[in-house]
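S.K.: Sharing a structure, written as structure tokens. Questions coming.
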């Protein structure tokens, strides 16, 4: 599958098991569910991040474009395409997929 015309320009074809994602929100301050502002410098444990898949390679089995994926932001490769930042991941670096099509009994494990 391709990441066609990301913000106009040439189509991108991802190879192998690569997943191109767009981060949600910013890496700066965030808010708790109660509305308290948590500064970017606050120490927290290992925190995973959500992003939206905008393109997937031909060998990706569990993710399609438009899925929300959970991954470790410390293990990422950033790329800029047409002035916008994206993250390039391997499918094995994705911890979870949130999508309407995910089956209730699916394990998501590799065989």
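Residue numbers (the working numbering): 208 to 318.
Note that the Cβ used here is the ideal one computed from N, Cα and C, for glycine as well.
All figures in this text were calculated on a predicted structure; none of them were measured in a lab.
Would you check if the distance between the CB atom of residue 295 and the CB atom of residue 307 is smaller than 9 Å?
M.R.: Start at 1 with the first residue of the chain shown, and residue 295 comes out as number 88. Start at 1 with the first residue of the chain shown, and residue 307 comes out as number 100. Their beta carbons are not under 9 Å apart, which means residue 295 does not touch residue 307 by this criterion.
S.K.: Given this structure, state the Cα-to-Cα distance separating residue 287 from residue 221, to the nearest angstrom.
M.R.: The residue you call residue 287 lines up with position 80 of the chain shown. The residue you call residue 221 lines up with position 14 of the chain shown. In a straight line, the C-alpha of residue 287 is about 15 Å away from that of residue 221.
S.K.: CB residue 271 to CB residue 293, shorter than 9 Å?
M.R.: In the chain shown, counting from the first residue as 1, residue 271 sits at position 64. In the chain shown, counting from the first residue as 1, residue 293 sits at position 86. No.
S.K.: In angstroms, rounded to a whole number, what distance separates the CA positions of residue 226 and residue 244?
M.R.: In the chain shown, counting from the first residue as 1, residue 226 sits at position 19. In the chain shown, counting from the first residue as 1, residue 244 sits at position 37. In a straight line, the C-alpha of residue 226 is about 31 Å away from that of residue 244.
S.K.: What separation, rounded to the nearest whole angstrom, lies between the Cα atoms of residue 265 and residue 274?
M.R.: The sequence position of residue 265 within the chain shown is 58, counting from 1. The sequence position of residue 274 within the chain shown is 67, counting from 1. The alpha-carbon atoms of residue 265 and residue 274 are separated by roughly 16 Å.
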